[in-house]
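The numbering used here puts the first residue of the sequence shown at 3, with every later residue one more than the last.
From the three backbone atoms N, C-alpha and C, an ideal C-beta is built for every residue, glycine too.
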Amino acid sequence: MATKKPAKIASNKKGTRNKKSCPACETDMVVSKILRDTGPSGMFWLCQDGKCNTLVAISGARAGVLNF
Numbered sequence: 003m004a005t006k007k008p009a010k011i012a013s014n015k016k017g018t019r020n021k022k023s024c025p026a027c028e029t030d031m032v033v034s035k036i037l038r039d040t041g042p043s044g045m046f047w048l049c050q051d052g053k054c055n056t057l058v059a060i061s062g063a064r065a066g067v068l069n070f
């Protein structure tokens, strides 16, 4: 009998093609899934700088700053 292979993650295949820099501080951003009680939830680009925390929607519109 054939065994099932595990699913591949699409983001690992794309490599460095989908990089984006933060519009506020020019640091690299990563795609993150954000779930919030108030405000929009979904997939956003998130700045890796701990002080900046700028959010940009996948479509490219600025979505503000992530507050912890």
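Residue range of the unbroken beta strand (DSSP E) whose run includes residue i
i   : result
C1  : Nothing in the structure corresponds to residue 1, since the chain is present only between 3 and 70.
R64 : R64 to V67
A59 : T56 to A59
D30 : D30 to I36
Beta-carbon proximity check, residue i vs residue j, cutoff 8 angstroms
i   : j   : result
F46 : A26 : no
V67 : L48 : no
Identity of the residues DSSP links to residue i by a beta bridge
i   : result
K22 : M31
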